[in-house]
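All remarks here apply to the structure that follows.
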Amino acid sequence: MTKDEIIAGIDEQLASLERLRNFLESLRPEELLIQTFVHGVMGFLVTAVDYLQVNLVEIKNKVRMS
């Protein structure tokens, strides 16, 4: 694989993660108890997606510089 192919693959993953993040943030449960639980889980998932995005950007930058 070339650097450009690796970077393109990382960009695709970043776009997928952004779509997942937007979907997770769009979920709005109706009942308060479920909402509290889901809010906690959603916060964790959104944080995990953010973490993956940051790491992918760092990898992409390292690939560019190599």
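Our numbering puts the first residue of the sequence shown at 1331, with every later residue one more than the last. C-beta: ideal position from N, C-alpha, C; glycine also. Owing to the predicted nature of the structure, the values given are computational and were not obtained by experimental measurement.
Taken through DSSP and simplified to helix, strand or coil, residue 1331 comes out as coil.
In the displayed model, residue 1356 falls within a helix according to three-state DSSP.
For residue 1396, the three-state secondary structure derived from DSSP is coil. Pairing residue 1353 with residue 1333, the inter-Cα distance amounts to about 30 Å.
Annotation for residue 1391: no residue places its beta carbon closer than 8 Å to its own, counting only its chain and skipping 5 residues before and after.
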